[in-house]
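Participant: Using the UniProt record's numbering, the first residue of the sequence shown is number 1, and each one after it goes up by one. In this text, a Cβ means the ideal position worked out from N, Cα and C, and glycines have one as well. Note that this is a predicted model, so its numbers are computed, not measured.
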Amino acid sequence: MLLKKYAQVKAQEVLEELNVECGIFRLCKFISEKKQLFTQYTQTRPFGVSFIYAGIEEDKYKLFSTDPSGTINEWYSVSFGENEDNINNGLRNDLPENNFNMEQGTFEIFKILSKVTECGTKDYKKYEILHFQKDNARYLSSEEIKQILENISQDNLGKN
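1) I need the boundaries of the alpha helix (DSSP H) containing Phe100, first residue and last residue.
2) If you compare alpha carbons, which of Ala137, Glu144, Gln133 is closest to Tyr127?
3) State the start and end residues of the unbroken beta strand (DSSP E) segment that holds Arg138.
4) First and last residue of the beta strand (DSSP E) that includes Leu95?
5) May I ask you to list the residues that DSSP assigns as paired with Gly55?
6) Whose C-alpha, out of Ser114, Phe132, Asp135, is nearest the C-alpha of Ile148?
7) Can the beta-carbon of Phe30 be found closer than 7 Å to that of Lys10?
8) Per DSSP, Phe132 forms a beta bridge with which residues?
9) With DSSP run on the structure shown, which of helix, strand or coil describes Asn73?
10) Along the alpha helix (DSSP H) that carries Tyr6, what are the first and last residues, could you check?
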């Protein structure tokens, strides 16, 4: 919660001082500097996890991460957590760099997940999916996620 509050304050400061919205990269930079200062001066990493940030900058969707040491990375797609190596290999090798709409992108990502993990329709409650655009954001319902997984299951049966 501390980093979230810090990010909100820094974004507000940028808006007040420069009269422009704080871009996603600048926000990641503020947070990574805070993480790096803790690492350097206290030899601790109180923010001991990586964070993923998504936003729109220059009318393009951007995806960044910061790790516990404060390093910033930009990604086309990325996963952290259980099976992250397998999932990231699948994303890197099997996710075409196309402009998908939200539904197509979600379907493609779940196809990869079902290929590299044991992701099935029974697992629909494990996932939380946010579709966001510049002026709109909404979480998919559990039923929508279940339907996507069922469609992938049927798609896989049709190929066999």
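Facilitator: Well, looking at it:
1) Note, Phe100: premise wrong, no alpha helix (DSSP H); not H, not E.
2) Glu144
3) 136-139
4) Leu95 -> no beta strand (DSSP E), and no H or E assigned at all.
5) Lys62
6) Ser114
7) yes
8) Ala137
9) strand
10) 2-18
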